[in-house]
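When we follow my numbering, the leftmost residue of the sequence shown carries the number -6, and every step to the right adds one.
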Amino acid sequence: MAAPDRQDTPDTGPGSARPRLILGSASPRRRELLAMLGVVPDAVCPPEIDETPRKAEPPRAYCARIAREKVAAISAADDAVVLCADTTVAMGRRILGKPADAAEAAVFLRALSGRRHRVVTAVALRRGGRIWERSVESRVKMKALSDAELAAYLTSGDWQGKAGAYGIQGPAGAFIPWISGSFSAIVGLPLAETAGLLQAAGYPLYGPKS
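This is the structure we're talking about:
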């Protein structure tokens, strides 16, 4: 979908009301993180796009591209704010997305076991014809997993729908002894950066809510 051409300057004054916010993500974790900012989306509208990485595409560039493509794919009024994000786990240039099944989840977790990796989350906001974006890269270490730990985690099903086949905010948090970066970004939405983007797009966080 082509974004509208209108590029009005957002009203960010203390008396400005919040515009309509559309969240382009079905992730309950992202809704929970937005709630920490006092933000409740007016609509949740996950876009359907092709998330296949391009040949030799670096993980950070891939993540930023997917966030931009998501935000561009959602139809919205010119004065609405559309927010999308994408999170990927990377080992070197290898992108570990959401596993298709338990077998692929096991492959991902064995690759991560006992090693450090990167978690990249890109956020993109659109209002009218303007797009604001940020990407945050964090480093994470996963302990060496025993066969029993791996089997129990796979049985739990917690790996489903999660980049890299794990979620740090759930049972897999016991596998993570060290991180460097943004915990909220690893979960799926960097709060500090997202707050800044929302305000830049004219969505007041600390003023009137209607």
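Every residue gets a Cβ at the ideal spot worked out from N, C-alpha and C, and that includes glycine.
Closest by C-alpha distance to residue i, when choosing among the options
i, options, result
"S128", "F168, Q162, C77, F101", "C77"
"L105", "V64, V133, R47", "V133"
"A69", "D35, A60, E142", "D35"
"G17", "P183, V180, V116", "V116"
"L147", "S177, R103, F176", "R103"
"V113", "D71, V100, M84", "M84"
"A73", "E62, E25, K91, A10", "A10"
"A141", "A99, E41, D71", "A99"
"S149", "M135, P164, K155, E25", "P164"
"S20", "G166, A194, F176, A156", "A156"
"R86", "C56, A95, A66", "C56"
"D71", "G121, A188, A137", "G121"
"G90", "A194, F176, T81", "T81"
"L138", "R111, G166, L118", "G166"
Nearest-angstrom Cα separation, counted from residue j out to residue i
i, j, result
"Q192", "V32", "12 Å"
"R53", "Y199", "31 Å"
"G107", "F101", "12 Å"
Whole-number beta carbon distance between residue j and residue i, since they are thought to touch under 8 Å
i, j, result
"W152", "A145", "The Cβ separation is near 11 Å, so there is no contact."
"S131", "I172", "6 Å"
"P46", "I88", "5 Å"
"E26", "L184", "Note on residue identity: the sequence assigns Leu, not Glu, to residue 26. So it is a contact: roughly 6 Å between Cβ atoms."
"I124", "R58", "With a Cβ gap of about 12 Å, I124 and R58 do not count as contacting."
"Q162", "R22", "7 Å"
For residue i, the first and last residue of its enclosing alpha helix (DSSP H)
i, result
"I179", "176 to 180"
"L264", "With the chain covering -6 to 203 only, the question about residue 264 has no answer from this structure."
"I59", "52 to 65"
"A185", "184 to 193"
"R108", "Counting along the chain, R108 falls outside any alpha helix (DSSP H), and DSSP gives it neither H nor E."
Boundaries of the beta strand (DSSP E) in which residue i is found, first to last residue
i, result
"T80", "74 to 84"
"R87", "87 to 89"
"L198", "Careful: L198 lies outside any beta strand (DSSP E) and carries neither H nor E."
"I15", "14 to 16"
Segments assigned beta strand (DSSP E), at least 3 residues, entirely inside the region 111 to 170 = Entirely contained in the region 111 to 170, the beta strand (DSSP E) runs reaching 3 residues are, in chain order, 123 to 134.
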